[in-house]
Structure formats: structure tokens, C-alpha cells
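A.B. asks: Have a look at the structure that comes next, please.
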Amino acid sequence: MLTVSIVGYICLSLLVYFSRDISAKQIRLMDEPNLANEGRVEVYDNDQWYGLCAYNWDTNGADVICRHLGYHYAIIANRNHYGSSGRTSNFSFSCTGNENSIDECSTISLNLCQSTAGVVCSSSPLENGAMRLAFYVLRYGGRLEYYFNGQWGTVCGTNWNYVDANVACKKMGFL
């Protein structure tokens, strides 16, 4: 896919999709020492650990990373919230969200990466009533989504208040 330069933005000049062997033992979550299910996504490549580039990073990719690591789904997909590993990968993954392992996703080769992927995974099974935050705004903020009958949907904000927010945060394990 070729992109163009737009004044005021930095655009990548070329994206290349390719196959890459990244196994379950070569992916980890870092920089949340007390929470094994949360952190910066790192991949092991060419004998070094790299923060996964967050290009195209969304809840689809986060869900797959979580399943790949033995969790059930992603509560949050975020960027740059867990510090830096000092190195960021020159590739990212493109997933539909239905893959069981990151090995099933396409890999995108990048010229430049400006952010690293982070995730909060759920150890609870995905069932009706599950909640997650999509299109994050803050570390633990974003658009609230609700899982019902096999689909994620956005929770309507009409008459939404702090009591409702506290209930949602408790359900997701943040309070």
C-alpha cells in the first residue's frame, strides 16, 4: 500500500505485508511489575526484545495478542503508556480479531514507528456482559464497549454519570 505526504503530517512511504515467524515464547508484556496481564507488548526478533510498533494497533490486534499469551480478550489497547524499551520494532501486525495466535495475522514492515503498543488482557472468559475500552484517550480511558451475542457494541452515553462509570470500571477490574 502506497501512502502520500500531506502537509503537517508524517506519512510512511511504503508498507509491505510479509510473513514472519514470531512464536508465543517470543512475545511478552512489560513494565507493569505487579500485573502480568498488562503492559507494553514486546516481541523477540533478531536476538533482541523490541517494543511492538503500534502502527495499526487496535482492539482487534490486542485481542489476538491476549489470546496468544493465554488470556481471553483485551480490555484496553493503548499506545505509549508503559514507557519505552529503548527499541521499537520496524514491523507491526494487522489482525481481524478472529485469529487465535499472532502467527495468523499479517505482518507490516515499516520505515518509521512513533509509538509502542500496550494492552490490558482479561483472564475472565469472554461472555455476554463483558466490557472493554476502545479507542483509548487516557491510560484507562476510552470508548466503552459491551459484549453481547458474539459482538462488541458501543455503550450509549445518554444520561451517563460517575456512578455508571464506577460500575463499568469495577466490572473491568480497575476499582
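Just so we're aligned, residue -12 is where the sequence shown starts under this note's numbering, counting upward by one.
Built from N, CA and C at the ideal position, the CB exists for glycine as well.
Remember, it's a predicted structure, so these values are computed and weren't measured experimentally.
What did DSSP end up calling residue 13 once you bin it into helix, strand or coil?
C.D. replies: In this structure, residue 13 counts as helix in the three-state DSSP scheme.
A.B. asks: State the start and end residues of the unbroken alpha helix (DSSP H) segment that holds residue 152.
C.D. replies: Here the alpha helix (DSSP H) through residue 152 covers 149 to 158.
A.B. asks: Pick helix, strand or coil for residue 48, following the three-state DSSP scheme.
C.D. replies: Helix, per DSSP.
A.B. asks: Using three-state DSSP, classify residue 54 as helix, strand or coil.
C.D. replies: It is helical.
A.B. asks: Rounded to a whole number of angstroms, what is the C-alpha to C-alpha distance between residue 162 and residue 80?
C.D. replies: If I take the Cα positions, the gap works out to 31 Å.
A.B. asks: Please classify residue 37 as buried or exposed, where buried requires at least 16 neighbouring CB atoms within 10 angstroms.
C.D. replies: The residue is buried, with at least 16 neighbouring Cβ atoms inside 10 Å.
A.B. asks: Can you give me the C-alpha to C-alpha distance between residue 45 and residue 150, rounded to a whole angstrom?
C.D. replies: The alpha-carbon atoms of residue 45 and residue 150 are separated by roughly 28 Å.
A.B. asks: Between the Cα of residue 64 and the Cα atoms of 17, 133, 106 and 134, which residue gives the shortest distance?
C.D. replies: Measuring from the Cα of residue 64, the nearest candidate turns out to be 106.
A.B. asks: Quick check: residue 104 and residue 51, are their CB atoms within less than 8 Å of each other?
C.D. replies: Cβ distance not < 8 Å, so residue 104 and residue 51 don't count as in contact.
A.B. asks: Looking at C-beta atoms only, is the number of pairs between the stretch 129 to 147 and the stretch 111 to 119 that lie closer than 8 Å three or more?
C.D. replies: Yes, the stretch 129 to 147 touches the stretch 111 to 119.
A.B. asks: Could you pull the DSSP bridge partners for residue 133 from this structure?
C.D. replies: Answer is 118 and 140, bridged to residue 133.
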